[in-house]
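Residue numbers (the working numbering): 2 to 1000.
All C-beta atoms in this analysis are idealised placements derived from N, C-alpha and C, irrespective of residue type, glycine included.
Remember, predicted model here, so these are calculated numbers, not experimental data.
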């Protein structure tokens, strides 16, 4: 068929539209993300280091070769020759990608000119324009990534291979040399290019040479006429001929394929010498068998190129000539579905990097595929997409048209599938850009539209009329693809850039009162908590989560502010005469999230203040134990959120299982608000925890406590059900936590583990890896607010973070919010190992008041093995809160001693005297003393540990500006100006009345 020329005004209009869209895209990126974005944070500093002559500098986080940086240096040096004042920066490096975008279009044009097979036609819009306008290429043309440069080098290498195939003998060697040179440059861009410049092109060359040497003896049918069995037959034919070739054929193979063979040999040498494929840090890029990549590839191709598949699909569904290959045989389809399902079951890998940042496409894909049934429901889609994409490569056999030996056939497809598989299945990380080159090769080799949908010449119609009709058809279909590309580029901008708006994900926070770790998922077998346990089974359960304080208002303030109570001012209870309040300058979760557009709300118990510092937009405050009421209010909130366009942050403060105002009661005397029968427990059914003595009064209260916990559990189930019915659960982070330990002596209000070692469960709907995880990192409640902010895409920096100083105590102004030292838990949700990650091995706590009359400032450090307490007011008796002193359990405990034998009163294994009168420092080895009874602070064998933890404690107190860091009985923070003026203070905790002078 003769070429039909595209009208030049239309061609210029298309080129102009792409240029305008491209320029606008680059401008948009510069405005939205002026700073390095995602992987640019590694690439841009490395490129700048080379620009400034630091050639020995290498960031170990970069795992690809330095080809991009050499290329950028060369382009920038050329620009500096023109403009001596030129300086390289982020925007100028992105311009390198902008330039590469157009160079890729030119390279695609020359590849098309050098190709002899099906792509040379005039009825399409220029193929290179359609390809470069694809979202995968268009998006990365605005960022400084390796992908476009990598694709450019592969296309150039492919062009020289194509030219060498058609070249005369006297010029063939030159093109082969260029193939080798640019293939080497391609490997400097990315290691996996070896599978394209060597395996793919070498495989095509071997196929071509064998077919030429064995005329008619290689079984290589047309794709349009091939069944699945033909692929196996063709592969077997090629392998047999290759291994049975004589010396002449083998010599010819080496002569024709030497560039690919040389590149492969060089690459193998590099791998051996480097100790692996990747450069830099190899720990996060270990080659892994990931067959699911080949399943994901085909839907990605269809998604990005479906308009280009329409002609093939039309022909496939209408042509009687293709009835044989229209659908594979049923038995083969079932076999392939079984194989694909097997791969999904055994080889689905969700790399933690996917879920570490919600600016990745795959962050959203795997959020959907987290549901098991969806993974298997997608299996037929994988098969259909793969079959359609492969079938689209073949030209239909039209009546009266002889087959062209240069057209793509089954052998080409086999080589392509091998190369694609090798390039994808060793990568555990799923990224759409990893599909770029195999998609590019596939798209480059699609047949011309005019060859897929031929125009029948009607009676009286001239050949010129027919050519004009073919041109119109091709233009119409490729215009559809261009329209789709431009639409999808806009979609890509929204998906990748939404995080800068920080208005997408919602959070549902469930906070209960005085729960402790008494739930089934934490090993308490005597109590039934099916809904909390189910939440843990579908998320991450933190085995070692610690509150900072074991007091209701104080602990809640730590969660909401990410600050310890001595930082945020909520030193004790907020209600009634106690009236402790958070400082006005402190940033809080409801305030921060509301300021970035979140709908914020709280239902149930609030117990912090003032309201202006905790500005929940929706407030349904109540101390009710009616969990049906709580769930109904939550359902109303979810409905409002679902109908609006704002993400939400909802806090649900359950009152259970807090004590009520009666002796030994937990509000169980109130009739249930619904017809639901509450779970009842008898004193004989409970398990007395180790920190309490096994007394009748204790058992009676525990039975009531258990009932209250089961009521709480039912409430959790009702709220989660309401969330699911709203349709918001797939985009909502769910966090469940208790404010402090169980409301018994030796637990609540103390910083012993029974008071601060608490449940923390997080369900992340975007992560299939953070599913059924028992996480052993030591985490603190100060990490919860940073987790919320991370989920919302908001910086964890407090308002004065840029000017704050640490290590040395300084005063802070009343307008600054203190520095948050907590970190987001999202990156470690998937961690399953018993060994804690570096940086997650130590937590701190701070308690000052409970009730206004319960003054007992104390601080603690907790590691996996040791616990250190610093009791600032150790000369005071440890106080009892009113509700604990009035309890039946305490009455039973304090009356359990004495008698004829004069036995000491014990609270569990702890003597009452030790509980009330504490040492200035306490040190416990938790590996042999988990209940913190034997104080090792005076042990000569433990002085080094004591001193080390003491130093860590004071360093942390400095960093958090703790007013209760004492020297010689005086607050060091308040004395700092006088110390700076020359005041000398003895280096001791307490004032010594017998020796008050400096020592």
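Cβ-Cβ distance between residue i and residue j below 8 Å
i, j, result
"residue 742", "residue 517", "yes"
"residue 295", "residue 380", "no"
"residue 160", "residue 197", "no"
"residue 817", "residue 586", "yes"
"residue 570", "residue 555", "no"
"residue 420", "residue 166", "no"
"residue 37", "residue 45", "yes"
"residue 890", "residue 705", "no"
"residue 190", "residue 135", "no"
"residue 115", "residue 155", "no"
"residue 514", "residue 655", "yes"
"residue 731", "residue 640", "no"
"residue 954", "residue 862", "yes"
Candidates the options, of which the one nearest residue i by Cα
i, options, result
"residue 580", "149, 854, 990, 303", "854"
"residue 1072", "760, 169, 446", "Since the first residue shown for the chain is 2 and the last is 1000, residue 1072 is missing from the structure and cannot be characterised."
"residue 591", "573, 576, 610", "610"
"residue 607", "539, 511, 662, 264", "511"
"residue 642", "689, 602, 780", "602"
"residue 669", "694, 713, 551", "713"
"residue 894", "779, 968, 699", "699"
"residue 916", "872, 949, 263", "872"
"residue 831", "711, 727, 767", "767"
"residue 435", "600, 146, 750, 275", "146"
"residue 107", "89, 128, 87", "128"
"residue 707", "763, 236, 519", "519"
Start-to-end residues for the alpha helix (DSSP H) that takes in residue i
i, result
"residue 1", "Any property of residue 1 remains undetermined from this structure, which presents the chain solely from 2 to 1000."
"residue 159", "148-167"
"residue 538", "531-538"
Close-in-space but distant-in-sequence residues of the same chain around residue i (CB under 7 Å, 5 per side omitted)
i, result
"residue 460", "Residue confidence for residue 460 is low, a pLDDT of 49 falling below 50, so the modelled location carries little weight and cannot support an answer."
"residue 934", "910, 911"
"residue 691", "909, 932"
"residue 182", "none"
"residue 897", "694, 696, 906"
"residue 957", "845"
"residue 983", "none"
Those residues which DSSP pairs with residue i across a bridge
i, result
"residue 843", "864"
"residue 912", "907"
"residue 197", "Paired residue(s): none; residue 197 is not in a bridge."
"residue 410", "223"
"residue 513", "739"
"residue 621", "604"
Unbroken beta strand (DSSP E) run spanning residue i, endpoints
i, result
"residue 600", "600-605"
"residue 651", "649-654"
"residue 629", "Where residue 629 is concerned, there is no enclosing beta strand (DSSP E), although the alpha helix (DSSP H) it sits in stretches over 628-644."
"residue 735", "733-739"
"residue 572", "Run containing residue 572: none; DSSP gives neither H nor E here."
"residue 780", "774-781"
"residue 852", "It is not in any beta strand (DSSP E) - residue 852 carries neither H nor E in the DSSP assignment."
"residue 926", "922-926"
"residue 545", "541-547"
Residue i CB to nearest heavy atom of the ligand SAM below 7 Å
i, result
"residue 779", "The ligand SAM is not part of the structure shown, which contains no ligands of any sort."
Close beta carbons around residue i, own chain, < 6 Å, minus the five adjacent residues each side
i, result
"residue 27", "99, 143"
"residue 292", "344, 348, 426"
"residue 120", "Unreliable placement is indicated for residue 120, whose pLDDT of 47 sits below 50; the coordinate value is still reported in the next sentence. Here the set comprises 113."
"residue 179", "161"
"residue 101", "149, 150, 153"
"residue 995", "none"
"residue 353", "At residue 353 the pLDDT is 49, less than 50, meaning the model places this residue with poor confidence and gives no usable figure here."
Below-8 Å beta-carbon distance, residue i vs any chain C residue
i, result
"residue 615", "Going by chain labels, chain C is absent from the structure shown, which holds only one protein chain."
Own chain, CB closer than 8 Å to residue i, minus 5 neighbours either side, in chain order
i, result
"residue 578", "853"
"residue 324", "Any reading at residue 324 needs caution, since the residue's pLDDT is 49, under 50, leaving its predicted position unreliable; the model's value is listed next. Nothing listed; no residue qualifies."
"residue 928", "866"
"residue 529", "521, 680, 711, 714"
"residue 13", "none"
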